[in-house]
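If you read the protein sequences in the order shown, they are chains A and L.
Residues 170 to 373 (this note's numbering) are what the first sequence spells out, left to right.
Residues 170 to 373 (this note's numbering) are what the second sequence spells out, left to right.
Cβ atoms here follow ideal geometry from the backbone N, Cα and C, with glycine treated the same way.
As the structure is a prediction and not an experimental result, all values here were calculated from the model.
Number of protein chains: 2
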Amino acid sequence: MSGKDTVRGKIVEAAKKRFSHFGYSKTTMAEVASDCAMSPGNLYRFFPGKLDIAEAIATEDFEGHLDSLRKLALAPGKSAPQRLRDLLFEELRRTYHKLEKDPRAYEMATVIAHERPEFANWMLAKERTILVNLLEDAERGGELRCADKEHVAEMIQSATMKFRYPQLWSKLSLPALERELDGVLKLMINGVCPNAAANKPAAA
Amino acid sequence: MSGKDTVRGKIVEAAKKRFSHFGYSKTTMAEVASDCAMSPGNLYRFFPGKLDIAEAIATEDFEGHLDSLRKLALAPGKSAPQRLRDLLFEELRRTYHKLEKDPRAYEMATVIAHERPEFANWMLAKERTILVNLLEDAERGGELRCADKEHVAEMIQSATMKFRYPQLWSKLSLPALERELDGVLKLMINGVCPNAAANKPAAA
DNA sequence: AGATTGAACGATTTGTTGAATATTCAGAAA
DNA sequence: TTTCTGAATATTCAACAAATCGTTCAATCT
């Protein structure tokens, strides 16, 4: 936690409770302020606006998520493909469960994504550095070798984009999504056909 | 064309003109009916509702698109990866240009996608059979060999999902999108690293 | 001074009403 | 009978008013 004893931290905690109980749009700045025993106006000494409080909450939450991704990315005793798999599965499960059993959090994510598109890019970029770390580690271990890891990481994110956007999940269950992600991963790791021997156009 | 001389065809033609001139929501059933010199009520003998007229137009249009995809998928004198690339690029360009210079058609696509989710699935399935054809042809030509082509086609679609949904394109230009699609394709065709020699877990 | 307040302001949302429009159907026309 | 009509009905939309809420800031407190 960034600091529950600071004023800013108190505000974030109060807002977190309200947002997860009643939803983002149904909680007012006045309510959050009163929970902190202060006036609405005073909130603005700590945050530019309501959305920024939500962003702070989301950032804190995402930071924790990043921690578990980092652990998975560098877990000892596992092959690089396996770690990549674990990482992307964790990502999928997190998104799925947020949608399933925490519609409030999902509302917040939606509002932020809509109002602050750069936030989604920031998250992708953060996650990408973890992917790059994984690729670098895999290269050190002799598991693979590729020139531009930043680029490869970006392409992995691009190819798995579907699993980050519940709107694209047309009613699919989590197991179904996992099977699909598994298939995409196999495609990425092995290429279209593991047994293919024929023409490989030079990688640009 | 399904038949410009049939009554149904006349309705589709009239609606197409209206929809592309003024947009789907701004054209009324009464107008379409009057263009066909008939009463509003009579439209319902040929279509269950307004949306179904839009769907008929979209279907007709998509059928044409499928034709050009089929040509690209089986174009002689080109490698399978090249044909796959051509096909997916064509798909991307079509979507992009619809968004760019044909906001009316884009409105229709949005309404249909929202109101008739199964239509999008139908389009994906149609396109998938073309991908399967391409894979089968590639196998005949000895370019690749894989067990479940239907499955591989599904995974290709999954990995390129981003390029079908403009909402995910955060302001990217067409060339930028093309570069990205190119990267994803290379990943799928060659695997994460073309030079990788190490562990390949058995494909399930 | 710096921190805090709470009333005032403007933007957004909500509720409501009337008009516009999709859809239906009893009957007319063929 | 089959095809079509057009007025009747149900739904959706747009515009306006009222209320709510995010945000600001001059005044107050410490």
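L293(A) and Q326(A) have their C-alpha atoms spaced approximately 8 Å apart. Within the stretch 265-318 of chain L, the alpha helix (DSSP H) runs of at least 4 residues that lie entirely inside it are, in chain order, 272-284 and 286-309. Residues of chain L with a Cβ closer than 7 Å to the Cβ of P245(A) do not exist; the shortest Cβ-Cβ separation is about 16 Å. A contact between stretches requires three or more CB pairs, one per stretch, nearer than 8 Å, and the stretch 341-351 of chain L fails this requirement with the stretch 305-324 of chain L.
L256(A) and M357(L) do not touch by the CB rule: their CB atoms are close to 19 Å apart, not below 8 Å.
Among the residues of chain L, none has a CB under 9 Å from the CB of H283(A); the nearest is roughly 10 Å distant. Between the alpha carbons of S237(L) and R263(L) lies a gap of roughly 11 Å. Excluding sequence positions up to five before and after T196(A), its CB lies within less than 7 Å of the CB of R187 and F188, all in the same chain and listed in chain order. Contacts with chain A at 8 Å (Cβ-Cβ) do not include S342(L). Contact annotation for K295(A) against chain L: no contact, minimum CB-CB distance about 16 Å [criterion: below 8 Å]. Residue burial is scored here from C-beta neighbours: G310(L) has fewer than 16 other C-beta atoms within 10 angstroms and is therefore classed as exposed. Cβ-Cβ distances below 7 Å link V176(A) to F215 in the same chain, with the five nearest sequence neighbours on each side left out; the list follows chain order. A straight-line Cα-Cα distance of about 35 Å links D306(L) and L300(A). Setting aside the 5 residues that flank it on each side, A328(A) is surrounded in the same chain by V353 and M357, each with a C-beta closer than 7 Å to its C-beta; the list follows chain order.
Taken atom to atom, the span from the alpha-carbon of R333(A) to that of V201(A) is near 31 Å.
Here K173(L) is exposed. Its C-beta has fewer than 16 other C-beta atoms within 10 Å. Residue range M198 to D204 is occupied by the alpha helix (DSSP H) that includes A199(L).
Chain L has a Cβ within less than 8 Å of the Cβ of V353(A). Residue contact check for E319(L) against chain A: no CB pair falls below 8 Å.
Within 9 Å of the CB of P286(A), the CB atoms of chain L belong to S339 and K340, in sequence order along the chain. Residue contact with chain L for N290(A): present (Cβ-Cβ distance below 8 Å to some residue of chain L). Here the alpha carbons of L337(L) and P209(A) stand approximately 36 Å from one another. One thing to note: C205(L) has its Cβ no nearer than 8 Å to the Cβ of A223(L). The beta carbons of L220(L) and R273(L) sit no closer together than 8 Å.
Interface residue (Cβ-Cβ distance to chain A less than 8 Å): A345(L) is not classified as such. If you draw a straight line from the Cα of I226(A) to the Cα of N290(A), it is about 17 Å long. When M277(L), A282(L) and L350(L) are compared, the shortest CA-CA separation from S194(L) is found for M277(L). Residue-level contact by beta carbon holds for Y334(A) and chain L, with a gap shorter than 8 Å. Contact annotation: A244(L) and N302(L) have beta-carbon atoms that are not nearer than 8 Å. In the structure shown, G178(L) adopts helical secondary structure according to DSSP, grouped into three states.
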